[in-house]
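**Student:** This structure is in structure tokens; I'll ask about it shortly.
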Amino acid sequence: MSNRTTEMSQMRNGNNTTEKTPFETEVIILNQCRKLNGQIFIQRDYSKGLDVQFETEYPARLTEKVPRDVWESTITNINTIFSEAEAITTRSIFETVFGCMTCYASYLFLKSRYTAKLEKLQRVLDVENERIYHPVGFHIRNPMERGLRVLEIAHLMRQGETPRDEPEIQEPSRPSRTI
Numbered sequence: 057m058s059n060r061t062t063e064m065s066q067m068r069n070g071n072n073t074t075e076k077t078p079f080e081t082e083v084i085i086l087n088q089c090r091k092l093n094g095q096i097f098i099q100r101d102y103s104k105g106l107d108v109q110f111e112t113e114y115p116a117r118l119t120e121k122v123p124r125d126v127w128e129s130t131i132t133n134i135n136t137i138f139s140e141a142e143a144i145t146t147r148s149i150f151e152t153v154f155g156c157m158t159c160y161a162s163y164l165f166l167k168s169r170y171t172a173k174l175e176k177l178q179r180v181l182d183v184e185n186e187r188i189y190h191p192v193g194f195h196i197r198n199p200m201e202r203g204l205r206v207l208e209i210a211h212l213m214r215q216g217e218t219p220r221d222e223p224e225i226q227e228p229s230r231p232s233r234t235i
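Right under this line is the structure:
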């Protein structure tokens with residue numbers, strides 16, 4: 057096999073060791089997130105009922121990587137988007153009644169307010185990840201991917217890096233909640 061063919065094969069497989077790219081332009085493959093001790097799960101906050109809200113408690117694993125105020129701003133933005141999406145307004149009532157009257161065929165042509173807010177959430181997460189979390193090696197996944205049960209923050213691997221055990225950082229203990 058020629059040297060050029062081997063080089064092309066390595067580039068396709070992400071093993072090009074001859075050319076290093078700066079971190080800012082590095083390709084991050086999201087399906088290669090660390091599996092062992094690499095994920096942070098932010099639980100739902102049920103203290104105000106069943107509305108979709110996530111805890112604002114600062115995860116210990118983000119210490120020294122993401123400032124606390126930036127983290128709180130991110131969570132507040134996410135919680136605000138869900139509050140707006142679930143608010144009962146004249147428009148949401150009209151959408152529901154109109155959808156029911158048309159056997160929900162209207163949703164084939166019209167975008168619901170809830171769907172629009174979920175798309176806004178995805179755009180906000182994309183911007184936050186690109187601007188804040190990817191440069192420090194984290195990725196916030198859309199909570200819809202986990203059925204709105206948790207907000208997952210994945211620890212990203214660089215190209216060529218392999219998953220490894222890391223010392224478990226103990227999160228502060230919380231009292232158990234009863235609903």
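When we follow this note's numbering, the leftmost residue of the sequence shown carries the number 57, and every step to the right adds one. Where a beta carbon is used, it is the ideal one built from N, C-alpha and C, also for glycine.
1. State the Cα-Cα distance for the pair Trp127 and Val108, rounded to the nearest angstrom.
2. In three-state DSSP terms, what is Ile209?
3. Can you tell me the Cβ-Cβ gap for Arg100 and Arg169, rounded? I've got them flagged as a contact below 8 Å.
4. So, under 8 Å CB-CB, Ala210 and Arg197 are touching, yes? Tell me the CB distance rounded to an integer number of Å.
5. Please report the residue range of the beta strand (DSSP E) in which Ile14 lies.
6. I'd like to know whether the C-beta atoms of Ser162 and Phe154 end up nearer to each other than 7 Å.
7. Look at Leu212 and Ile98 and say whether their C-beta atoms are less than 7 Å apart.
8. So, Ile134 versus Pro115, is the Cβ gap smaller than 7 Å?
9. DSSP three-state call for Arg197: helix, strand or coil?
10. Please look up how many angstroms separate the CB atoms of Lys173 and Ile137, rounded, as I've assumed it's under 8 Å.
11. I need the straight-line Cα distance from Thr158 to Thr145, nearest angstrom please.
12. According to DSSP, simplified to helix, strand and coil, what is Phe110?
13. Go ahead and pull the three-state DSSP assignment for Phe165.
**Tutor:** So, from the data block:
1. The count along the sequence shown starts at 1 and reaches residue 127 at position 71. The count along the sequence shown starts at 1 and reaches residue 108 at position 52. Their Cα atoms are separated by approximately 18 Å.
2. Residue mapping note: residue 209 aligns to position 153 of the sequence shown, counting from 1. Strand.
3. For this step, residue 100 is matched to residue 44 along the sequence shown. For this step, residue 169 is matched to residue 113 along the sequence shown. Wrong, their Cβ atoms sit about 22 Å apart, outside the cutoff.
4. Within the sequence shown, numbered from 1, the residue matching residue 210 stands at position 154. Within the sequence shown, numbered from 1, the residue matching residue 197 stands at position 141. Right, the Cβ-Cβ distance comes to about 6 Å (below 8 Å), so this counts as a contact.
5. Residue 14 lies beyond the stretch modelled for the chain, which goes from 57 to 235, so this question has no answer here.
6. Taking the first residue of the sequence shown as 1, we reach residue 162 at position 106. Taking the first residue of the sequence shown as 1, we reach residue 154 at position 98. At the C-beta level, Ser162 and Phe154 come within 7 Å of one another.
7. Counting from one through the sequence shown, the residue named residue 212 turns up at place 156. Counting from one through the sequence shown, the residue named residue 98 turns up at place 42. No.
8. Counted from its first residue, the sequence shown places residue 134 at position 78. Counted from its first residue, the sequence shown places residue 115 at position 59. Not in contact: Ile134 and Pro115 (Cβ atoms no closer than 7 Å).
9. Counting from one through the sequence shown, the residue named residue 197 turns up at place 141. Of the three classes helix, strand and coil, the one that applies to Arg197 here is coil, per DSSP.
10. The residue labelled residue 173 in the question sits at position 117 within the sequence shown. The residue labelled residue 137 in the question sits at position 81 within the sequence shown. Taking C-beta atoms under 8 Å as the contact rule, Lys173 and Ile137 qualify, at a distance of about 6 Å.
11. Here residue 158 corresponds to residue number 102 of the sequence shown, with the count starting at 1. Here residue 145 corresponds to residue number 89 of the sequence shown, with the count starting at 1. So the alpha carbons of these two residues sit roughly 20 Å apart.
12. Position 54 of the sequence shown, counting from 1, holds the residue named residue 110. Correct three-state label for Phe110: strand.
13. For the purposes of this step, residue 165 is identified with residue 109 of the sequence shown, where counting begins at 1. In this structure, Phe165 counts as coil in the three-state DSSP scheme.
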